[in-house]
Amino acid sequence: DIHTPTTKPIVTILGVGSVTYRPSDKITVSLSTNSVYPIVRADYFFNGVFIGSSTNAPFSFSFAPQNTTSLESEYNTIKVNVYDSVQNQSSSEALVTIINGGQ
Numbered sequence: 076d077i078h079t080p081t082t083k084p085i086v087t088i089l090g091v092g093s094v095t096y097r098p099s100d101k102i103t104v105s106l107s108t109n110s111v112y113p114i115v116r117a118d119y120f121f122n123g124v125f126i127g128s129s130t131n132a133p134f135s136f137s138f139a140p141q142n143t144t145s146l147e148s149e150y151n152t153i154k155v156n157v158y159d160s161v162q163n164q165s166s167s168e169a170l171v172t173i174i175n176g177g178q
């Protein structure tokens with residue numbers, strides 16, 4: 076069976092949680108992945124709202140929080156779902172701090 080816990084991809088969001096952003100800042104979400112089968116897509120969510128996809132390695136994605144419909148006051152969540160070539164799926168989340176002190 077190709078759909079087992081040992082064949083599902085492993086994904087980690089890199090770096091975004093260690094920085095404080097402003098609403099107008101460009102946030103680039105980079106990933107570290109490990110998978111038995113090739114990764115073919117990454118879907119990105121900001122506070123639970125879909126903001127885009129990437130279908131090419133290295134599967135990074137950039138956005139400005141002010142251009143989303145789901146910006147919260149300070150603490151926000153970025154989530155990524157990755158899919159491999161046989162549709163195994165895995166996800167990772169990172170907390171992002173966004174201050175409203177100037178744009």
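Going by my numbering, the sequence shown opens with residue 76, and the numbers climb by one from there.
We put the beta carbon where it would ideally sit given N, CA and C, even for glycine.
Everything numeric in this text was worked out from a predicted model, so none of it was measured.
Can you tell me the Cβ-Cβ gap for residue i and residue j, rounded? I've got them flagged as a contact below 8 angstroms.
{"i": "S110", "j": "D159", "result": "5 angstroms"}
{"i": "S165", "j": "K83", "result": "5 angstroms"}
{"i": "S129", "j": "A117", "result": "5 angstroms"}
Who does residue i pair with in a DSSP beta bridge?
{"i": "R97", "result": "Beta-bridge pairing links R97 to no other residue."}
{"i": "K154", "result": "F120 and E168"}
Straight-line CA distance for residue i to residue j?
{"i": "A169", "j": "H78", "result": "26 angstroms"}
{"i": "G177", "j": "R97", "result": "The pLDDT assigned to G177 is 48, lower than 50, so where the model puts this residue is not dependable, and the model offers no usable value."}
{"i": "Y150", "j": "V91", "result": "12 angstroms"}
{"i": "I102", "j": "P80", "result": "31 angstroms"}
{"i": "K154", "j": "L89", "result": "12 angstroms"}
{"i": "F120", "j": "S105", "result": "13 angstroms"}
Could you have a look at residue i and say whether DSSP puts it in helix, strand or coil?
{"i": "N175", "result": "coil"}
{"i": "G90", "result": "coil"}
{"i": "N109", "result": "strand"}
{"i": "S160", "result": "coil"}
Would residue i be called buried (16 or more neighbouring beta carbons within 10 Å of its own) or exposed?
{"i": "S167", "result": "buried"}
{"i": "F183", "result": "Residue 183 is absent from the model: the chain starts at 76 and stops at 178."}
{"i": "V94", "result": "exposed"}
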